[in-house]
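Heads up: the sequence shown begins at 995 in our numbering, then just goes up one per residue.
By construction, the Cβ of each residue, glycine as well, lies at the ideal position given by its N, Cα and C atoms.
So the structure is just underneath, and the comments pick up after that.
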Amino acid sequence: MWCPSAAATGDHVNRCSGPAGSGMWCRGRGAEVILSKNKNQNHSALRVKSRDRQHSASMFQARHVPLEIVLLRPEKTEEMERAVHLLQGHATVVVDLQRLDAAQAQRFIDFLAGAVWSLDGTLERVSEQVIVAAPMSVLLSN
């Protein structure tokens, strides 16, 4: 449930009153945060649904995901789905497009850009033929 009494300011979210594990919503500046307790595990998870990428990058996430970087060298556009599945699993994907012709490479980039946008991630061009797609939990800088 949404908690109107939550004093969510700056880089932290004050706790809302309610039963543990109820999955309550708190709304902060530029982000919606849901606090929930997984019944199968003994820790709480904090998920951020961002409207402001810079603000959400500074928020603490309780769930620790090991960093994984995967290099893909696709030979056909059907391999786009693998890149998206890796992103959904919180892996950073480096894509070398040299084996695709110009039209296929553009289609691959467009498809991946849509997936990155929907997952609130980041897409950066490293060189003419290499792009990096990162999930929300990874901050890319130039």
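- Task: Check each candidate in Glu1122, Asp1114, Asp1095 and name the one with the smallest Cα separation from Leu1081.
- Result: Asp1114
- Kindly provide the ranges of any alpha helix (DSSP H) runs that are 4 or more residues long and lie completely inside the segment 1052-1100, ordered along the chain. 1074-1082
- Give every residue of the same chain whose Cβ lies closer than 6 Å to the Cβ of Ile1125, excluding the five residues on either side of it in the sequence, and list them in chain order. Val1089, Arg1119
- Task: Inspect the beta-carbon positions of Arg1067 and Arg1093 and report whether they are closer than 8 Å.
- Result: yes
- Task: Grab the span of the beta strand (DSSP E) containing Glu1122 for me, first residue to last.
- Result: Careful: Glu1122 lies outside any beta strand (DSSP E) and carries neither H nor E.
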